[in-house]
Structure formats: structure tokens, C-alpha cells
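Engineer: Before I ask anything, let me first share the structure, which is written out below as C-alpha cells.
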Amino acid sequence: MFWTYLVRELRRRRRQAFVVALGLGVGIGLVVTVSSLSSSVGKAQTSVLHSLYGVGTDLTVTQQGRPGSGGSARFGFGPPPSARPGQRFTRDRALPSPGRQAFSASRVATIAGVDGVGQAAGALELTMIHFTGTFSTSGGGNGFPSSSAGGSGSSSQQPPVNVSTYTLDGVDVSALSVGPLGSASLEGGRSFRTDETDAAVAVVDQSYAKQHKLHVGSTLTIGGTTFHVIGIEADSSSSADVYVPLARAQSMGDAFGQVNIVYVKAASASAVSRAQSGIEAALPKATVTSSSDLASQVTGSLSSASSLANDLGKWLSIVVLIAAFALASLLTVSAVSRRVREFGTLKALGWRTRRVVRQVMGEAMAQGLLGGLLGMVLGVAGAVAVVQFMPTLTATLGGLGGFGGGGGGGGFPAAQGGQTGGPPGFAGRTVAVHLTPSLSLEIFVLAIVLAVAAGLIAGSIGGWRAARLRPAEALRRVD
Amino acid sequence: MYELTNVSKSYRKGGTMIPALQDLTLRIDDGEFLAVQGPTGHGKTTLLQMLGGLDRPTSGSVVFDGRDLAEMSEHELTDVRSRSFGFVFQTFNLIPTLTAQENVETALVPVHPDASGRRRRAMEELEAVGLADRATHFPLELSGGQQQRVAIARALVREPEVVLADEPTGNLDEAMREEIMELLVRLWRDRDRILIVVTHDSAVAARASRRVWLREGRVGAPEGVDSASV
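Residue numbers (this note's numbering), protein chains in the order written: chain A, 94 to 572; chain B, 2 to 231.
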């Protein structure tokens, strides 16, 4: 009788039931969409940070460089004696990341010994400037044509010189679980082996590989050394374009026995702040940055989307939900008021108040659950639509490790080949972020909880109204 | 058996108390068919609600089978209503979303947890009122007379000791009125229950074994008749 009565009653006032369910559906759908967007943005932020600093990394240690200290060029730039006019040339120049001062790799051991530190791995981040061109036919000077700022200068008299930059990380192959490759998922090939401490092997970022037509097994020439590509990193927002063993990077950057960043994994989640203060005490000149510091430094449209989802989205959802709950409650009370005689009759027949209330609650709950289902469908559609139609977001990571001014080489042209815009540690390092709808079980549980809550609230108010009906008064009412 | 002693009932309307029943004393014996007549607003329906445990008197006692309904808790009253009383209303008061059979079943819900047993009993009662073939029809698919017969089946389905009917023919035409009264009288005779009918209609009241007139909330005589001769 309970279900028959419930279903028939909802069918009788299906228009009203649909309005209630739709109202709740819109409210719950908005919550699902906003929660999904918020989760997507959160995951994207985490992904950006992880791809830059590794999943297992809790802290990074850098040392700010002095203005103008950018390191020296490793590879000579003058023309060889045998250079002939018109002959093609390629040159690479390695610069330590601007703003970062290299320091002795022995400090990695110091950091590893600090209380609260679980693991530490040093790395050397370099900015590579790659020149390609043809020796000048006009003679004079150093034999090179001049290059225009912007990278690909050309003039009517001189052949063009192409200048491009890319980022190169020298990683400690014995501690890959901490650092930029800690989170790397490889699209192909493999990561470094621990015995490849000085091997001429490289892992290349997916976008860089695509741009330069590299694949596992192909070779890459850096500063005259041929590196074998052993793996392609799948993450498009990785911290570098090319990864090589640390010793190789030290050799290219003329920084033997040096690193310019140390990735630290705390002994436990609760030990992060202890490790941070311990490192700051042990290395007073170092800049110790935690994951939360990094997160707060992520700006750009990703950050704006995060604020939008967390602030405006949250409040909009709350307002719409309150309105939907109020609508459901009002319409339930209104339905009870229209059925005063019906409930009065049932009470006269001996139906206990709790049975009448249960019937009202059941109807409200059914409407709530219908709204919840509708909300899930609308919410999923909204989440997919938002991600589909939202313009590509960008995350800008600025101020990490301080700003050391231009590189020692007097600065360098804007990036031409690197997809990530600039080297790590540089203000305004911007990466493109592609959101994917994040629909977890928790979001659906939240939708059901809201639907049940809406049903309970509306049903309680309606039930309270029904419970207060006295059969005599109800029967006295003329419809 | 009913024993009403000095029953008064007043309603607050605005700032004033309106008396509906005044110091009413009445006895109703088992097996009696009592017709309650009187002008509109003189307390007939209020009396019926006191007898059916739907309302409580402001003062006095309504003793049914040795227990004062006025002293019972809401819970106990609900129990008595579900077991001992059957109601027939002027406007039928059927649930519009339930079929004839399901409407009859609603009276069994508080006392009969078994659904198949309820269905069987409801069908038996619909047969008794001649509506077995309309069991699956909704109220709006039935005529007024058929709806009232469903309501009578609902009132009788749990074999109550008392059937209380409030203007049972008030919404029916003359032919249908005769049919419904024939049915009520037949069922009353066959089942030996107390039947109390509130009516304006003297033709309906004429079928009763006893008639009482209510005037201004008191048992009196019809207009133009000396109360001493009643």
C-alpha cells in the first residue's frame, strides 16, 4: 500500500513533482559541477606541481644567485680555424638557471642528515641555448652572422641564425623517486638505471620530442655529445625538456661537483615543517620551499579557475541549493495542505500519525532522490561541458628560488623551441593545463546525501504539518 | 453501547466561544439504528465526531463499551477508531489515486498487516455492496452512488461495532439515495451493528429505529412539535 500510494500520488501531481525534482536537480547538479571543477582544478594544480617537482617531493632547497651571476658558457662560441664561409654550424651554450646559484653537491648529504628529512636528491637545472646557422660570407668580425633578438634574426646581407632555448635537468639517477622524474609517467622507453651515472642517455619530454621528431632510440646532440633517447616522458607540463644524468649536466654547465636545487622528501607528512626549519637552520643562505609555498605561487588562469570554483561556485551552489530546498519544502507543505481531507480521512480510519507522516516523508524522499538523479545527470553534463568549452588554462609559477637577474651571458633570447616558455626558477614560468572532468565516487555520494537531505527537510516540514492535523478539523474542511 | 452524559462542546471562533453541543445526554443501545436530525449548524456533525472518537467534548463523558472516549489518549482513540468504528461521509472521501479495492483496503491497513489478506477481504466487501466488477476503477471513474458504495464497503470491511454516517445521501440524487439507504439498512440488519446516521432528509431518517432531533446543541423536538411528545 505504501509504494502504490506513493507512486500514484507522485504520478497524480507529476508536474509539481517534476518542478521539485528539477529544482533540486539544478541545485545538486551545480554542486556536482562545481565540485568536479574544483577537483579537476585541484588535480591540475597538484599535477603541475608534481610534474615540476616530483610526487615524492615535500621541499626544494635552492640558493638565490647574485644579480648578474648566471654562470659561464660551457661551449665555445668562436668559429673554428677551419670554418669556411657558407659552412653550416650548430652550437650549444649551457647556462645555470637564472636566479639560482650552484652550490656544492656535498650539501645534499648535509640536508639528508637533517632531522625530519627522509631522502634528498640534488639536481642541476640548466638553460640550453641552441644556435644553428651558416658562417658569414662577408668575412670580418668573429665570422658569425649577427643574430637578431627574438632568436631567428636575418638580414638581407647575412644568412639567418636560429636561436632556440630549452631546459635540461641533470638528475641524480641513484635517487629518482625524489625529484622531477619521481612522478614521470613514460610514454615510451624507460627511465635511467642507477648505473647510468655518466651515460650519454636522455629522457625527453613528450612535447619536445614531438617538436624535434625524437623517439626512443633516436639520438640528440648536445654540445657535440650524442645522447641516446631512452625514454619519452608523457607529462606535457614537466619541469624540463631534456633529462640527463647529473654528471653529464655538471660537465655541460661547467659545474663539476655542484647542484643548484635539492629535492627533499620528509620522513613523514608530519615531519615536513620540522625538516624545513632544520634545513633553514643548517643552511641559512638557502631558500627552502614547501609544496604549500609552491601551490600559493601558482598563478594564471588555472589559479583564477580555482578561485572561481572555490569561491563563486561554492556560494552559488549554496544559494541555489537553499532555494531548491525551500522550493521543495514549500511545495510539499502546499501538497499536504491540499490533502488535508485525505489525511483526515485516513486518520479517521485509524491510520496512526506516524504512518501518515511516513507517507508524506516517503513522497518527499522520492522527489529528493529523483532530484538527486537528475542532479547527477545535469552535474556530469555540466562538468563535461565546462571542461569541453573552457579555454585552455595556464599555470604560472613565479618567484621560486628568487630572481637572480639575467644570466651571465647577458641574458638570452625568448624561447623558440621550448614549449614551456622559460626555464625553471624564472618568474612567469607558464605551462598549459588541460582539465579533465573529475567525477569521483565522493561527488556522487555528496549528490545522494544532498538529495536525501532535501527529501528529509521537505518531508519533515510536510510531515510536521500532516502530524498536526486533527481528523475532526480535517474532515470539517470543505475542498 | 453508548452512554453520553452532559456532553458539551464549544469552539473558539475569533474571540468568542461558540457552543456546538450543550449538556447533551443520550444513550444508544447495541443493534440500534439511530437517525440524528436537525437544522444546519445545530451540532449534528459535532455529535457524530464525539461518537466516532474524532473529537473530544469540552465537558461531559462519552462512554463506549464501558470506556470514556473523552479520557482516552490520542493513541488509544486511534486504536478504537481502527477497530470499532466505520465512517461514511457525505462527500465519500475516497483517495483519488487509489482504486476502489485499494480504497477499501485503506481501512484494513492499521489492523491487517498481510497485503494478500487485505486484498481478499476488500474484494469480499466490494462484492457485498455489488461492486466487485469495479474493483480496479478509480473514484473518478465511478458514479456518485458507486463511490458511496465503495465508502460503505470501506466502513464495513473490518466488521466495526458502529457505523457512523454523516449525510450519506447528501450528494446523491433521489434514486441513488434509495439505493444507498437500502444497502445501509440491509447491512445493518444482516450484521447487527449500531448504525448512526446524521441526516437532513426525513425520508432517510424514517428508516431508522429511533430518531433524535438536535436544536442548538441539545436533544429536542422537530420544529412545530412539542419536545414533551418526543
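All residues carry an ideal CB built from backbone N, CA and C; glycine is no exception.
Please state whether the Cβ-Cβ distance between A:Val195 and A:Tyr356 is less than 8 Å.
Structural biologist: Against the first sequence, residue 195 of chain A aligns to sequence position 102. Against the first sequence, residue 356 of chain A aligns to sequence position 263. Rather than Val, the amino acid found at residue 195 of chain A in this sequence is Ala. Not a contact, by the Cβ cut-off of 8 Å.
Engineer: In whole angstroms, what separates the C-alpha of B:Glu217 from that of B:Glu72?
Structural biologist: Within the second sequence, residue 217 of chain B is the residue found at index 216, counting from 1. Within the second sequence, residue 72 of chain B is the residue found at index 71, counting from 1. Their backbone Cα atoms lie some 25 Å apart in a straight line.
Engineer: Could you please tell me which residues of the segment 72-90 of chain B, in chain order, have their CB closer than 9 Å to any CB of chain A?
Structural biologist: Glu75, His76, Thr79, Asp80, Val81, Arg82, Ser83, Arg84, Phe86, Gly87, Phe88, Phe90
Engineer: Determine, using beta-carbon pairs with one atom in the segment 402-417 of chain A and one in the segment 122-135 of chain A, whether at least three such pairs fall under 8 Å.
Structural biologist: Under the Cβ criterion (8 Å, minimum of three pairs), the segment 402-417 of chain A counts as touching the segment 122-135 of chain A.
Engineer: Please decide whether A:Gly443 counts as near chain B, where near means a Cβ-Cβ distance under 8 Å.
Structural biologist: By 1-based counting over the first sequence, the position of residue 443 of chain A is 350. Taking Cβ atoms only, chain B reaches closer than 8 Å to A:Gly443, which makes this a yes.
Engineer: In angstroms, rounded to a whole number, what distance separates the CA positions of A:Tyr98 and A:Ser384?
Structural biologist: Walking along the first sequence from the start, residue 98 of chain A turns up at place 5. Walking along the first sequence from the start, residue 384 of chain A turns up at place 291. Each residue's Cα considered, the two are about 57 Å apart.
Engineer: Once DSSP output is grouped into helix, strand and coil, what is the label at A:Asn403?
Structural biologist: If you number the first sequence from 1, residue 403 of chain A lands on position 310. For A:Asn403, the secondary structure class from DSSP, reduced to helix, strand or coil, is helix.
Engineer: Is there a Cβ of chain B sitting closer than 8 Å to that of A:Arg447, yes or no?
Structural biologist: To locate residue 447 of chain A, count along the first sequence from 1; it is residue 354. Output row for A:Arg447: interface = no.
Engineer: Measure the alpha-carbon distance for B:Arg211 versus B:Leu143 and round it to whole angstroms.
Structural biologist: Locating residue 211 of chain B in the second sequence gives position 210, where the first residue counts as 1. Locating residue 143 of chain B in the second sequence gives position 142, where the first residue counts as 1. Looking at the two C-alpha atoms, the distance is approximately 33 Å.
Engineer: Mind pulling the chain A residues with CB within less than 7 Å of B:Gln23?
Structural biologist: The sequence position of residue 23 of chain B within the second sequence is 22, counting from 1. By Cβ distance, chain A contributes nothing, its closest Cβ being about 18 Å from B:Gln23, past 7 Å.
Engineer: For A:Leu339 and A:Ala216, which I take to be in contact (beta-carbon distance under 8 Å), what is that distance rounded to the nearest angstrom?
Structural biologist: Here residue 339 of chain A is taken as the residue at index 246 of the first sequence, counted from 1. Here residue 216 of chain A is taken as the residue at index 123 of the first sequence, counted from 1. Between A:Ala216 and A:Leu339 the Cβ distance is about 7 Å, and since that is below 8 Å, they are a contact.
Engineer: From which residue to which residue does the beta strand (DSSP E) around B:Lys14 run?
Structural biologist: On the second sequence, position 13 is the one that residue 14 of chain B refers to. Unbroken beta strand (DSSP E) run through B:Lys14: 3-14.
Engineer: Name the DSSP bridge partner or partners of A:His223?
Structural biologist: Taking the first residue of the first sequence as position 1, residue 223 of chain A is located at position 130. According to DSSP, A:His223 bridges with A:Asp185, A:Ser257.
Engineer: At 4 residues or longer, and completely inside the segment 429-454 of chain A: list those alpha helix (DSSP H) runs for me, N to C.
Structural biologist: Contiguous alpha helix (DSSP H) elements confined to the segment 429-454 of chain A occur at 433-441, taking only those with 4 or more residues.
Engineer: Please list the terminal residues of the continuous alpha helix (DSSP H) segment that includes A:Gly555.
Structural biologist: Sequence index remark: in the first sequence, residue 555 of chain A carries index 462 (1-based). Here the alpha helix (DSSP H) through A:Gly555 covers 534-560.
Engineer: By the DSSP assignment, the alpha helix (DSSP H) with B:Leu52 in it spans what residues?
Structural biologist: To locate residue 52 of chain B, count along the second sequence from 1; it is residue 51. Residues 45-52.
Engineer: Rounding to the nearest angstrom, what Cα-Cα distance links B:Thr200 and A:Phe537 in this structure?
Structural biologist: Counted from its first residue, the second sequence places residue 200 of chain B at position 199. Counted from its first residue, the first sequence places residue 537 of chain A at position 444. Their Cα atoms are separated by approximately 59 Å.
Engineer: Could you work out which residues of chain A lie near B:Gln50, taking near to mean beta carbons separated by less than 7 Å?
Structural biologist: Position 49 of the second sequence, counted from the start, is the residue given in the question as residue 50 of chain B. Ordered by position in chain A, the residues that pass the 7 Å Cβ test against B:Gln50 are Ala565.
Engineer: Against chain B, does A:Glu102 count as a neighbour if the rule is that its beta carbon must be under 8 Å from one of theirs?
Structural biologist: Indexing the first sequence from 1 puts residue 102 of chain A at position 9. True, the Cβ-Cβ gap to chain B drops below 8 Å.
Engineer: Between which two residues does the alpha helix (DSSP H) carrying A:Leu303 extend?
Structural biologist: Here the question's residue 303 of chain A lines up with position 210 in the first sequence. Reading off the sequence, residue 303 of chain A comes out as Lys, not Leu. Secondary structure note for A:Lys303: its alpha helix (DSSP H) is the uninterrupted segment 299-304.
Engineer: Which class does A:Leu99 belong to by DSSP, given the choice of helix, strand or coil?
Structural biologist: Taking the first residue of the first sequence as position 1, residue 99 of chain A is located at position 6. Correct three-state label for A:Leu99: helix.
Engineer: A:Thr312 by DSSP, collapsed to three states: which one?
Structural biologist: Stepping through the first sequence from its first residue, residue 312 of chain A is reached at position 219. In this structure, A:Thr312 counts as strand in the three-state DSSP scheme.
Engineer: For A:Ser165, does the three-state DSSP call read helix, strand or coil?
Structural biologist: Here residue 165 of chain A refers to the residue found at position 72 when the first sequence is read from its first residue. The predicted model places A:Ser165 with a pLDDT of 49, which falls under 50 and marks its position as unreliable; any figure quoted below should be read in that light. It is coil, neither helix nor strand.
Engineer: So which residues on chain A does B:Ile96 lean against when the C-beta distance must stay under 7 Å?
Structural biologist: Start at 1 with the first residue of the second sequence, and residue 96 of chain B comes out as number 95. Those within 7 Å of B:Ile96 in chain A are Glu435.
Engineer: Look at A:Ser531 and A:Ser132 and say whether their C-beta atoms are less than 8 Å apart.
Structural biologist: For the purposes of this step, residue 531 of chain A is taken as the residue at position 438 of the first sequence. For the purposes of this step, residue 132 of chain A is taken as the residue at position 39 of the first sequence. Cβ distance < 8 Å, so A:Ser531 and A:Ser132 count as in contact.
Engineer: Anything in chain B within Cβ reach of A:Leu105, meaning under 8 Å, just list it in chain order.
Structural biologist: Here residue 105 of chain A refers to the residue found at position 12 when the first sequence is read from its first residue. According to the sequence shown, residue 105 of chain A is Arg rather than Leu. Correct list: Pro97, Thr98.
Engineer: A:Ala573 and A:Asp208: beta carbons closer than 8 Å?
Structural biologist: Residue coverage of chain A in this structure runs from 94 to 572, which leaves residue 573 of chain A outside it and unanswerable.
Engineer: Can you check which of these residues, A:Asn353, A:Ala333, A:Ser284, is closest to A:His321 by C-alpha distance?
Structural biologist: Indexing the first sequence from 1 puts residue 321 of chain A at position 228. Out of A:Asn353, A:Ala333, A:Ser284, A:Ser284 has the C-alpha closest to the C-alpha of A:His321.
Engineer: With a threshold of 6 Å on Cβ separation, who are the neighbours of B:Asp193 within its own chain once the five nearest residues in sequence on each side are excluded?
Structural biologist: Taking the second sequence and counting its residues from 1, one reaches residue 193 of chain B at position 192. Once the five neighbours on either side are set aside, the close Cβ partners of B:Asp193 are Gly32.
Engineer: Using the three-state DSSP reduction, which class does A:Arg341 fall into: helix, strand or coil?
Structural biologist: Position 248 of the first sequence holds residue 341 of chain A. Helix at A:Arg341.
Engineer: Look at the alpha carbon of B:Ala101 and the alpha carbon of A:Gln481, and state the distance between them as a whole number of angstroms.
Structural biologist: As a first step, residue 101 of chain B must be located in the second sequence, where it is residue number 100. As a first step, residue 481 of chain A must be located in the first sequence, where it is residue number 388. Their backbone Cα atoms lie some 54 Å apart in a straight line.
Engineer: So that I know if they touch, is there some Cβ in chain A lying closer than 8 Å to that of B:Leu27?
Structural biologist: As a working note, residue 27 of chain B is residue 26 in the second sequence. With 8 Å as the cut-off, B:Leu27 does not count as an interface residue toward chain A.
Engineer: Do B:Tyr3 and B:Val64 count as a contact pair if the criterion is CB distance below 8 Å?
Structural biologist: The count along the second sequence starts at 1 and reaches residue 64 of chain B at position 63. The count along the second sequence starts at 1 and reaches residue 3 of chain B at position 2. The answer is yes: Cβ separation under 8 Å.
Engineer: Check whether the segment 184-203 of chain A touches the segment 287-306 of chain A, taking contact to mean three or more Cβ pairs, one atom from each stretch, closer than 8 Å.
Structural biologist: no
Engineer: Report back the beta-carbon spacing between B:Phe93 and B:Pro161 to the nearest angstrom; my notes put them in contact at under 8 Å.
Structural biologist: To locate residue 93 of chain B, count along the second sequence from 1; it is residue 92. To locate residue 161 of chain B, count along the second sequence from 1; it is residue 160. Actually they do not touch by this definition, with Cβ atoms about 18 Å apart.
Engineer: According to DSSP, B:Met18 sits in a beta bridge with which residue or residues?
Structural biologist: The count along the second sequence starts at 1 and reaches residue 18 of chain B at position 17. For B:Met18, which the question treats as bridged, DSSP gives the partners B:Arg13.
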